[in-house]
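For the sequence shown, position 99 matches number 105 in the working numbering, and the numbering has no gaps at all. Note that the Cβ used here is the ideal one computed from N, Cα and C, for glycine as well. The model shown is predicted, which means the values in this text are computed figures rather than measured ones.
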Amino acid sequence: MSRSRKNPLLAALDASFLIGAVCTTIFYMILLSPGMKDSTLHRYTTEHLVEYVVVALTFWGLADVLRKLATFPREVLALRHQWLPARKGRVPAAAAAGLLEIVDAQPKWVRESRIGRRFAAALEYVVENGAGNEFRDQLQLLSHHDAERMAASYTLIRFVVRITPVLGFLGTVVHFGTALNGITLDKMSDQLGVVVSEMGHAFNATTVALAAAMCMMFCQFVCEWIEKAILQHIDHTVEDELFNRFELKDASIAPFLRVVQEANDDALKIMASNLESQTATWVEAFEMILQRLDARQKQEGHAWTQALETLHSRHESYDAVREERLRQILDAIGERQDRFMSQIHATIDKAALLRNDFAVVIDTIQGIAQGEGRLLELQATLSDNLRVIHETRQIEDAVHGLTGAIHLLTARSGDGRKTAA
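Structure follows, in structure tokens:
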């Protein structure tokens, strides 16, 4: 797989350097404007040439960090990309050419990612040298090369991290030298304030340099942590996809493999013949089982038919007997109903006669009630007569009259009873 080479001009003027130079220029254009002249940032970054160099190196390193961060999303998307078809057992090493064509057919941004270059390099090795025992060593070598390239890509950041504190101390020393330059013992008391002020500004360069170094250290840590995780994921993915995909071939075991292949073919032929004979035996046995099942099913069907016919005849006889019993019960109920109706009619006739007798009895009772009323009147009259007789001392006549009245009353009572009877 061909690799493109950089233009010498672009190699000399790296993209990070150009971006850092542009950012530094814009930063100082803003900082040197009249509005930012008395600011703290202006005081810390514009006192000496060393501070300009520290700021320029910091922007250069930050530009390289941003460039690295911009490449991480592509690497993550490439890791999630489906590079090769699903593995179904080991395939010959000759299949690596087709897999390499699949990798080369991917989009350019995916193909130029780290995992794309790793797949391409590994498949090129298989196409050229086969998948022997050295294939695992080749995969480890490719991983080692990627790790070395990653370490080499942080050269600028490590340079900025290490040089900025030195430049800070250098700026401080230069400030001290400038402050102490030209001091004489005669005028030391007059120049002491200026010297102290210059010595105070001397530590500004160290402060800026240490702050820049700390910022670059943190950026280096984050970028290396992310990039190492990506490389580890690439190592696992490539090893899982390629290491056990191809058949391993060794010239020393070729005769043994040929013998094993022939024995395997013979065993497969014997197994095929045994399988055919066994299949024929199973088919015959299955047909016999089906015939027996058909005969058994016919016998059971005939037995079920006879049982159903017998059950049907029994149900018919039971229905006839039940209908006869029902008819007899209905006849008996009809006879009993007729007798009951005749008894009801006789009872009604007797009740009518009894009603007439009750009417006669009521009339008799009414007559007796009227006779009792007359007896009461007669009793009152007799009482009056007895009183009169007693008064007139005609007792005998009264006794005879009373006796006659009693006989008369007795006779009427006897006639009334006879009439009532």
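Considering Cα atoms alone, identify which of 45, 44 and 57 is closest to residue 30. 57
Measure the alpha-carbon distance for residue 61 versus residue 174 and round it to whole angstroms. 11 angstroms
What would DSSP say about residue 90, mapped onto helix, strand or coil? coil
Hey, residue 232 and residue 124: beta-carbon distance below 8 angstroms or not? no
Residues near residue 131 in its chain [Cβ-Cβ closer than 6 angstroms; skip 5 each side]: 144
Tell me which residue opens and which closes the alpha helix (DSSP H) that residue 112 is part of. Element bounds for residue 112: n/a, residue is neither H nor E.
How about residue 106 and residue 133: do their beta carbons lie closer than 8 angstroms? yes
Backbone secondary structure at residue 331 - three-state DSSP: helix
So the candidates are 282, 310, 307 and 146; which of them puts its Cα closest to the Cα of residue 245? 146
Is the separation between the beta-carbon of residue 176 and that of residue 66 shorter than 8 angstroms? no
According to DSSP, is residue 44 part of a helix, a strand, or is it coil? coil
Using CA atoms only, rank isn't needed, just tell me which of 129, 272, 180 and 119 is closest to residue 152. 119
When you compare only the Cα positions, how much space is there between residue 335 and residue 304? 46 angstroms
Where does residue 250 fall in DSSP's three states? coil
How far does the alpha helix (DSSP H) with residue 34 in it extend, from its first residue to its last? 21-37
Please say whether residue 73 and residue 157 have beta carbons closer to each other than 8 angstroms? no
Just to check my reading of the structure: residue 121 and residue 287 have Cβ atoms closer than 8 angstroms, yes? What is that Cβ distance to the nearest angstrom? Wrong, their Cβ atoms sit about 56 angstroms apart, outside the cutoff.
Output yes if chain D places a C-beta closer than 8 angstroms to the C-beta of residue 31; else output no. In summary, chain D is missing from the structure at hand, where a single protein chain is found.
Given that a residue counts as buried once 16 or more other Cβ atoms are within 10 Å of its Cβ, and exposed if not, what is residue 70? buried
Exposed or buried, which one is residue 326 when buried takes at least 16 other CB atoms within 10 Å? exposed
Cβ-Cβ separation, residue 51 to residue 172 (assumed contact under 8 angstroms), whole Å: Actually they do not touch by this definition, with Cβ atoms about 18 angstroms apart.
For residue 247, which residues in the same chain have their Cβ closer than 8 angstroms to its Cβ, ignoring the five residues on either side in sequence? 89, 90, 93 and 125
If contacts are defined as beta-carbon pairs under 8 angstroms, then residue 219 and residue 180 qualify, I think. What distance do you get, rounded to the angstrom? Residue 219 to residue 180, Cβ: 18 angstroms. No contact.
Tell me the DSSP secondary structure of residue 231 in three-state form. helix
Shortest alpha-carbon distance to residue 230 belongs to which of 358, 160, 275 and 209? 160
Look at the alpha carbon of residue 412 and the alpha carbon of residue 354, and state the distance between them as a whole number of angstroms. 45 angstroms
Looking at the secondary structure, which residues open and close the alpha helix (DSSP H) in which residue 159 lies? 141-159
Which residue wins for smallest C-alpha separation from residue 249, given the options 129, 271 and 85? 129
Which residue marks the beginning of the alpha helix (DSSP H) containing residue 101, and which one marks its end? Run containing residue 101: none; DSSP gives neither H nor E here.
From residue 289 to residue 302, what distance separates their C-alpha atoms? 20 angstroms
Could you tell me how far apart the beta carbons of residue 109 and residue 87 are, in whole angstroms, since I believe they sit closer than 8 angstroms? Contact flag wrong, Cβ pair sits at about 10 angstroms.
Quick one: is residue 222 buried, meaning 16 or more other Cβ sit within 10 Å of its Cβ, or exposed? buried
So, helix, strand or coil for residue 351, using DSSP? helix
What do you get for residue 352, buried or exposed, if any count of 16 or more other CB atoms within 10 angstroms of its CB means buried? exposed
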